Amino acid sequence: MELKSGLSAFVTGGASGIGRALSIALAQKGIFVTVVDFSEDKGKEVALLAQKENLKFHSGLKFPSAIFVKCDVREVAAAFEKHMKVYGGLDICINCAGITTRIPFHEDQTDGSNSWRQTINVNLVAVIDCTHRAIKIMEDANKPGVIINMGSAAGLYPLKSEPIYSASKGLLLFRGVVMFTRALAPYKKKGIRVNVLCPEFVRTEMAEKVSPELIERLGGYVPMETLIQGAFELITDESKAGSCLWITPRRGLEYWPTPTEEAKYLVVPDNN
Numbered sequence: 002m003e004l005k006s007g008l009s010a011f012v013t014g015g016a017s018g019i020g021r022a023l024s025i026a027l028a029q030k031g032i033f034v035t036v037v038d039f040s041e042d043k044g045k046e047v048a049l050l051a052q053k054e055n056l057k058f059h060s061g062l063k064f065p066s067a068i069f070v071k072c073d074v075r076e077v078a079a080a081f082e083k084h085m086k087v088y089g090g091l092d093i094c095i096n097c098a099g100i101t102t103r104i105p106f107h108e109d110q111t112d113g114s115n116s117w118r119q120t121i122n123v124n125l126v127a128v129i130d131c132t133h134r135a136i137k138i139m140e141d142a143n144k145p146g147v148i149i150n151m152g153s154a155a156g157l158y159p160l161k162s163e164p165i166y167s168a169s170k171g172l173l174l175f176r177g178v179v180m181f182t183r184a185l186a187p188y189k190k191k192g193i194r195v196n197v198l199c200p201e202f203v204r205t206e207m208a209e210k211v212s213p214e215l216i217e218r219l220g221g222y223v224p225m226e227t228l229i230q231g232a233f234e235l236i237t238d239e240s241k242a243g244s245c246l247w248i249t250p251r252r253g254l255e256y257w258p259t260p261t262e263e264a265k266y267l268v269v270p271d272n273n
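Each residue of the sequence shown is one higher than the last, beginning at 2 in the working numbering.
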């Protein structure tokens, strides 16, 4: 899919961090953006910044080139409805919303409704829900579209200080969205491609809580520009469907699994 003026994108977690950067980067291409987040002040700010970028491509519009929808990603139906009402279609969906647990796992004596269970629901269940809704919209419109789910390198190896985050993102990557995404690869026949990004730490408010020693051992933060490059590659490269793009400061952009690894384990059904 060519990143061209007039497309529309739906970005969850768009008020801060990676979602914010991607929302603005899309607007810099002339793409209409719906910023979805629970943080109203920050979300409105991002929408205004996106509108400013869009002025370079659009004038005299009868609708806003970017909007903010306050929303808990566990309840996104109304946000999708608002996007469709304003833009009439959906070309790109990026699911960036993610949280960490508020209570250290070893100290948590609750039922998890405001800690580990909430993290699983936001980092995993909501991503699946948004993917399902986006696919349905794209199918009904009979138009091509791209969905990108934001994973994390915490799914490749455990983040011991955040076991629930690692579990949700790990499941997201290897038992959830990567396998979920690869199982959705046949949607490519309909022009719908679903891919997942799994970066190491990008400098965001969430990542700055991580030990500086760990960041240093990893080779520093992944530059936001590199992450945007990866996201845009997954959008524009028509061959990428069910792809997992791992991003590190040490190796740059790398697809998982490699062709060699995939050949070891891939089982091809017998059509006979």
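Using N, Cα and C, we set each Cβ at its ideal position, and we do this for glycine too.
Since this is a predicted model, take the numbers as computed values, not measurements.
Checklist entry - From which residue to which residue does the alpha helix (DSSP H) around D42 run? => result E41 to N55
Item to check | Residue environment, V128, which counts as buried when at least 16 other CB atoms sit within 10 Å | outcome: buried
Item to check | P250 and L228 closer than 8 angstroms at C-beta | outcome: no
Checklist entry - Which residues share a DSSP beta bridge with W1? => result With the chain represented from 2 up to 273, any question about residue 1 goes unanswered, as that position is not in the structure.
Checklist entry - In three-state terms, what does DSSP make of N115? => result coil
Checklist entry - Out of P145, A51 and V36, which has the shortest C-alpha to C-alpha gap to A98? => result V36
Checklist entry - Under the three-state reduction of DSSP, which class applies to S9: helix, strand or coil? => result strand
Next on the checklist: Measuring alpha carbon to alpha carbon, tell me which residue in T13, L23 and V12 is nearest V203.
Outcome noted: L23
Item to check | Beta carbon of L198 nearer than 8 angstroms to that of A232 | outcome: yes
Item to check | T237 versus I25 - alpha carbon distance | outcome: 17 angstroms
Checklist entry - Exposed or buried, L49, counting other C-beta atoms within 10 Å across all chains shown (16 or more means buried)? => result exposed
Item to check | Beta-carbon gap between I32 and L56 smaller than 8 angstroms | outcome: no
Next on the checklist: Quick check on R218: does DSSP put it in helix, strand or coil?
Outcome noted: helix
Checklist entry - From I149 to E239, what distance separates their C-alpha atoms? => result 13 angstroms
Item to check | Closest by C-alpha distance to F181, when choosing among T132, K265, A79 and D42 | outcome: T132
Checklist entry - Closest by CA to L8, which one among K265, D38, E201 and A67? => result A67
Item to check | Check whether K63 and E41 have beta carbons under 8 angstroms apart | outcome: no
Checklist entry - Which runs of the alpha helix (DSSP H) fall wholly inside the region 62-90 and span at least 4 residues, in chain order? => result 78-88
Next on the checklist: Which of the three DSSP states is assigned to N124 in this structure?
Outcome noted: helix
Checklist entry - L267 to K191, Cα distance in whole Å? => result 23 angstroms
Next on the checklist: Distance check for N196 and L235, CA to CA, integer angstroms please.
Outcome noted: 7 angstroms
Checklist entry - Near A16, which residues of its chain fall below 7 angstroms by C-beta distance, leaving aside the five closest residues on each side in sequence? => result V36, D38, S40, K43, G44 and V47
Item to check | Residue interval of the alpha helix (DSSP H) (run including I229) | outcome: M225 to T237
Item to check | Residues near V223 in its chain [Cβ-Cβ closer than 7 angstroms; skip 5 each side] | outcome: P200, E201, F202, V203, I248, T249 and P250
Next on the checklist: Helix, strand or coil, according to DSSP, for D141 in the structure here?
Outcome noted: helix
Checklist entry - In whole angstroms, what is the alpha-carbon distance linking K1 and G61? => result Outside the displayed span of the chain (2 to 273) sits residue 1, for which this structure offers no information.
Next on the checklist: Relative to the C-alpha of D141, which candidate in D92, D109 and Q230 has its C-alpha closest?
Outcome noted: D92
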